[in-house]
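S.K.:
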Amino acid sequence: MSDSNIVSTIESPSERWLAKARAHLDTLTKPLGSLGRLEDFAAQMVSIRQQEFAEPLRKAVYIFAADHGVTAEGVSAYPSEVTRQMVLNFLAHGAAINVLAKLHGVEMNVVDVGVDADFNRIGGLLHRKVRRGTRNMMHEPAMSSDELTEALGVGLDLADDSKTKGHNLVAVGEMGIGNTTAASAITTLLTGKPVEFTTGKGTGLNTEALQHKRRIIEAVLQKYFGEAKGDTLPDPVDVLRIVGGLEIAAMTGFILGAARHGVAVVVDGFISTAAAAIACAFAPQVRGYLFAGHQSEEPGHKALLDYLEMRPILALNMRLGEGTGAVLAMPILESAMCLYNQMATFESARVSEARD
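Structural data, given as structure tokens:
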């Protein structure tokens, strides 16, 4: 992937359509601003979709799965084989994301970009494996440059496929034991916040194990980035290659690709927001295409949301991943668009407007 080529093809959402949307919202039969953030969501969606604002939403969620070599350092409460087991659970329609995607009419796509297992071409899975998990970042960079390029390319290609399918609202989610360690390292490097602030319990570590996880991340960052971490924004390519994950890289590529196609993206929790932050480091104009589905219980997630200046749509004390928070937020965005498209105006309803 040529970073400059991708970035040059991404245009910011339309300011002209944003202004038109704001003006239209003010003509609807309601007090000015009375729909609160729903008006913000509608206006942002119109700025992204432009003349296609009235077309129905066609929703999809892409769940990227991969393993992490750093789990060998004891940073997770669960063994790495849970990644494979949960992918099989997705395919058997037994996970939380399956229930929510079915309920809300969201097409579900599960992508193996780096699970440490052989799925034997099992049906229903998008087979895009780059390698069987990243390397242990404690001892060597998580990926080679070629592997990173390939993982980013997986996401870009799937964004192309999504556009071809006609999706115009997509969610990104993930599955990967050990990926909160990668996300915490990314968050520290991008935001400059200390490891103690960006690193939480993940899948449920006790206090002693959490301290061990933080020590591992600190050692990794010291090894590769030294005292410079947090002082200047590091190269996002280096961040992904050294401390990222294959699923995080693929999500980054997917977000870049979706923005290139003018498609709105709902990011899920801590891990997918780390990918979104990297995508914005590549191309700041991506930010206008993003919605934060929810705020995770992981402490680093708030740091990332603040860094991106994003307010979450929901706050439900969730920390599951899988794209669950993003899919739950989709009906809110859909409601905002329905209000925008279907409410009467003061003129059409012959309702008196407020006095000056």
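To convert a position in the sequence shown, counted from 1, into our numbering, add 717. From the three backbone atoms N, C-alpha and C, an ideal C-beta is built for every residue, glycine too.
1. Identify the residues that DSSP records as bridge partners of T1062: which are they?
2. Suppose only complete runs of 4+ residues qualify. What are the alpha helix (DSSP H) ranges in the stretch 905-929, listed by chain order?
3. Using C-beta distances below 6 Å, list every residue in its chain close to G947, excluding the 5 sequence neighbours before and after it, in chain order.
4. Spatial neighbours of L1056 within its chain, please: C-beta separation below 8 Å, excluding the five flanking residues on both sides.
5. DSSP puts K776 in a beta bridge; with which residues?
6. Leaving out five residues on either side along the sequence, give the residues of the same chain with a beta carbon under 6 Å from the beta carbon of A1077.
7. Starting from the C-beta of K880, find all residues in its chain whose C-beta is less than 7 Å away, skip the five residues before and the five after it, and write them out in chain order.
8. Less than 8 Å between the CB atoms is what I'm expecting for D829 and H844, so what's the real figure, rounded?
9. From the DSSP output, read off the bridge partner residues of G831.
10. Would you list the residues sitting across from H1011 in a DSSP beta bridge?
11. Return helix, strand or coil for A981, following the three-state DSSP convention.
12. Keeping to the same chain, check which residues put their C-beta closer than 7 Å to that of L817; ignore five residues upstream and five downstream.
13. For S1069, which residues of its own chain have a beta-carbon under 7 Å away from its beta-carbon, when the five flanking residues on both sides are left out?
14. So V724 packs on A1000, CB below 8 Å; how close in whole Å?
15. Identify whether N826 lies in helix, strand or coil by the three-state DSSP scheme.
16. When DSSP labels each residue in this structure, what does L1056 get in the three-state scheme?
17. What does the Cβ neighbour count give for P773, buried or exposed, with the cut at 16 atoms within 10 Å?
18. Okay, do the stretch 960-968 and the stretch 869-878 touch, 3+ Cβ pairs below 8 Å being the bar?
19. For S901, count neighbouring Cβ atoms within 10 angstroms of its own Cβ and tell me buried if that reaches 16, exposed if not.
20. Quick check: is the beta carbon of T881 nearer than 7 Å to any beta carbon in chain C?
21. Within 10 angstroms of the Cβ of R931, are there 16 or more other Cβ atoms? Answer buried if so, exposed if not.
22. Take the Cβ of D835 as the centre, count every other Cβ of all protein chains shown within 10 Å, and call the residue buried at 16 or more, exposed below.
23. Here's the rule I'm using: 16 or more other beta-carbon atoms within 10 Å means buried, otherwise exposed. How should L1017 be labelled?
24. If we ignore side chains and look at the alpha-carbon of each, how far apart do G961 and T788 end up?
25. Take the Cβ of P796 as the centre, count every other Cβ of all protein chains shown within 10 Å, and call the residue buried at 16 or more, exposed below.
26. Assign G895 to one of two classes, buried (16 or more other C-beta atoms within 10 Å of its C-beta) or exposed (fewer than that).
27. Taking the alpha-carbon of A992 as reference, which of S861, E891, L1033 has the nearest alpha-carbon?
28. Closer than 6 Å by C-beta to L973: which residues in its own chain qualify, once you throw out the five before and the five after it? Chain order, please.
M.R.: Taking the structure as given:
1. Beta-bridge pairing by DSSP links T1062 to L745.
2. Qualifying alpha helix (DSSP H) stretches, in chain order: 912-915.
3. Low local confidence applies: a pLDDT of 49 at G947 is under 50, so the model's placement there is unreliable, with the coordinate-based value given in what follows. The residues are G909.
4. The answer, listed in chain order, is L745, L752, L755, A759.
5. The beta-bridge partner set that DSSP reports for K776 consists of L886.
6. This structure gives no information on residue 1077, because the portion of the chain shown stretches from 718 to 1073.
7. Apart from sequence neighbours up to five positions away, the residues of its chain that approach K880 with a beta-carbon distance below 7 Å are H978, V980, ordered along the chain.
8. With a Cβ gap of about 6 Å, D829 and H844 count as contacting.
9. As computed with DSSP, G831 is found in a beta bridge with A783.
10. Answer by DSSP bridge pairing, in chain order: L1031.
11. Judged by DSSP in its simplified three-state form, A981 adopts strand.
12. Cβ within range, chain order: T1041, V1044, L1045.
13. Hits under 7 Å: none found.
14. With a beta-carbon spacing of about 4 Å, V724 and A1000 fall inside the 8 Å limit used to define contacts.
15. In the three-state reduction of the DSSP assignment, N826 falls in the strand class.
16. Helix.
17. P773 is exposed by the Cβ-count criterion.
18. Below 8 Å, enough C-beta pairs join the stretch 960-968 and the stretch 869-878 to call them touching: three or more.
19. Label assigned to S901: buried.
20. Chain labels in this structure do not include chain C; a single protein chain is all it has.
21. Burial check for R931: the Cβ neighbour count within 10 Å reaches 16 or more, so the residue is buried.
22. Burial call: exposed.
23. The question names Leu, but residue 1017 in the sequence shown is Gly. So G1017 ends up on the buried side.
24. Cα-Cα distance, rounded: 13 Å.
25. Under this definition P796 is an exposed residue.
26. By the neighbour-count criterion, in which a residue is buried when 16 or more other Cβ atoms sit within 10 angstroms of its Cβ, G895 is buried.
27. Scanning S861, E891, L1033 for the CA closest to the CA of A992 turns up E891.
28. Residues I723, A996 of the same chain have their beta carbon placed closer than 6 Å to that of L973, with the five preceding and five following residues left out of the count.
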